[in-house]
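Data block below; observations after.
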Amino acid sequence: RPPPPPGLSASTPRLVDLPEPAVAVACGSNHNVALTAAGHAFSWGFGDQLALGHGGDKDEPLPRHISLEGLNVEVKRVLQVSAGGQHSAMLIA
1 RPPPPPGLSA STPRLVDLPE PAVAVACGSN HNVALTAAGH AFSWGFGDQL
51 ALGHGGDKDE PLPRHISLEG LNVEVKRVLQ VSAGGQHSAM LIA
């Protein structure tokens, strides 16, 4: 695997810009998911195994909004996020 582009991987914590204040962050093996006070989720990192929730395996060096469009639910607000080895999970209502 080629080295990650700048901003995709870091050995020390650092600030990440989001369009809204984060209230929670979940860290997987190679990716992260942030939950905002407005109930939106953003993910970034390695996209292996579709872990980022964007419908593909593309790596994302910066936080990208996870769209809930197309889900068969009336209210589309993320309440909780979780991340693991090659997966992410969201509790929505």
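For the sequence shown, this note's numbering begins at 1 and goes up steadily by one.
Heads up, the beta-carbon is just placed ideally off N, CA and C, and yes, glycines get one too.
Runs of the beta strand (DSSP E) lying entirely within the segment 2 to 37, each at least 3 residues long, are 22 to 27 and 31 to 36 in chain order. A Cβ-Cβ contact shorter than 8 angstroms links residue 31 with residue 46. When rounded, the separation of the alpha-carbon atoms in residue 58 and residue 12 is 23 angstroms. The DSSP-derived three-state label of residue 49 is helix.
With 16 or more neighbouring CB atoms inside 10 Å of its own CB, residue 28 falls in the buried class. Residue 78 has 92 as its beta-bridge partners, per DSSP. Pairing residue 17 with residue 34, the inter-Cα distance amounts to about 11 angstroms.
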